[in-house]
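A.B. asks: Protein chains in written order, with this note's numbering: chain Y, 69 to 183; chain U, 295 to 408. The beta carbon of each residue, even a glycine, is placed where N, CA and C say it ideally should be. Quick one: the structure is below, and I'll ask about it shortly.
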């Protein structure tokens with residue numbers, strides 16, 4: 069079974085600064101997808117960014133980018149120019165490329181933005 | 295599009311009572327997922343359906359939990375009898391065809407069992 073580990077229960081960053089959230093995963097599969105979801109206090113789960121394992125290029129979405137290290141099974145999220153609206157729980161998630169279709173989530177990182 | 299719709303948004307019940315959570319997926323989506331979120335265990339996949347057929351229910355914690363999807367636009371998650379340890383936020387998500395497609399989550403149902 070796949071596991072996803074987020075080792076930082078909480079992170080704090082000054083507004084406009086850059087912060088990196090860590091995620092590692094364990095799998096024996098070669099075909100899979102990785103995601104970062106944001107969960108603000110409203111509880112809504114919002115997809116931030118996704119990465120296909122077969123792509124070497126790191127995904128980027130505006131201020132959000134990932135550092136995908138397949139050999140190390142690491143998938144960190146970098147948030148540049150942090151904004152107050154970025155404050156939320158962030159979850160790293162894994163999806164198998166074939167067969168199993170559900171997401172396996174990490175325990176999450178609570179991101180605090182200091183004004 | 296209204297997105298994934300869940301009802302009720304909040305449910306408070308007493309131990310031993312039957313609880314039914316409802317979900318309407320996004321029109322046209324053919325996969326539906328039920329997740330549970332607790333402080334202790336985080337987000338866990340309970341069950342998912344493809345084309346209304348349950349594919350993997352290995353995450354369903356006990357026989358007290360059951361899920362159905364009678365048609366493409368409706369699913370239920372039932373707990374009978376409910377217990378205090380079932381207190382959690384239950385999310386429904388749906389996904390269109392294509393294995394890379396994003397799962398869209400509903401707003402969740404916060405269940406409290408007293």
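In chain order, what residues of the region 112-128 of chain Y put their CB closer than 9 Å to some CB of chain U?
C.D. replies: So the list reads 112, 113, 114, 115, 118, 120, given in the order they occur along the chain.
A.B. asks: State yes or no: is the beta carbon of residue 405 of chain U nearer than 8 Å to at least one beta carbon in chain Y?
C.D. replies: False, the Cβ-Cβ gap to chain Y never drops below 8 Å.
A.B. asks: Check whether the region 134-154 of chain Y and the region 76-94 of chain Y touch, using three or more Cβ-Cβ pairs below 8 Å as the test.
C.D. replies: The region 134-154 of chain Y, when compared against the region 76-94 of chain Y, does touch it at the 8 Å Cβ threshold.
A.B. asks: Mind checking who residue 317 of chain U pairs with in its DSSP beta bridge?
C.D. replies: DSSP lists U:300, U:369 as partners of residue 317 of chain U.
A.B. asks: Taking 8 Å as the CB-CB limit, is residue 380 of chain U close to chain Y?
C.D. replies: It does not; no Cβ of chain Y falls within 8 Å.
A.B. asks: Chain Y beta carbons: is any one of them nearer than 8 Å to that of residue 367 of chain U?
C.D. replies: No, no contact with chain Y.
A.B. asks: For residue 361 of chain U, write down the residues that DSSP places opposite it in a beta bridge.
C.D. replies: Its beta-bridge partners are U:371.
A.B. asks: Could you tell me the boundaries of the beta strand (DSSP E) in which residue 335 of chain U lies?
C.D. replies: No beta strand (DSSP E) holds residue 335 of chain U; DSSP gives it neither H nor E.
A.B. asks: In the DSSP assignment, what are the bridge partners of residue 87 of chain Y?
C.D. replies: Per DSSP, Y:147.
A.B. asks: Whose Cβ in chain Y lies nearer than 7 Å to the Cβ of residue 325 of chain U?
C.D. replies: In chain order: 169.
A.B. asks: Please report the straight-line C-alpha distance between residue 140 of chain Y and residue 303 of chain U, rounded to a whole angstrom.
C.D. replies: The straight-line gap from Cα to Cα measures roughly 40 Å.
A.B. asks: Tell me, which residues are paired with residue 341 of chain U by DSSP?
C.D. replies: For residue 341 of chain U, which the question treats as bridged, DSSP gives the partners U:328.
A.B. asks: Of the residues U:358, U:314, U:325, U:308, which one's Cα is nearest the Cα of residue 388 of chain U?
C.D. replies: Of the listed residues, the one whose Cα sits closest to residue 388 of chain U is U:325.
A.B. asks: Would you report the Cα separation of residue 341 of chain U and residue 164 of chain Y, rounded to the nearest angstrom?
C.D. replies: Distance between the alpha carbons of residue 341 of chain U and residue 164 of chain Y: 15 Å.
A.B. asks: Spell out whether any CB of chain U is found under 8 Å from the CB atom of residue 153 of chain Y.
C.D. replies: No, its Cβ sits nowhere closer than 8 Å to a Cβ of chain U.
A.B. asks: Do residue 320 of chain U and residue 368 of chain U have their CB atoms nearer than 8 Å?
C.D. replies: No, they are not a contact pair.
A.B. asks: Are the CB atoms of residue 85 of chain Y and residue 151 of chain Y within a distance shorter than 8 Å?
C.D. replies: Cβ distance not < 8 Å, so residue 151 of chain Y and residue 85 of chain Y don't count as in contact.
A.B. asks: Roughly how many whole angstroms lie between the Cα atoms of residue 375 of chain U and residue 107 of chain Y?
C.D. replies: Going by the C-alpha atoms only, they are around 30 Å apart.
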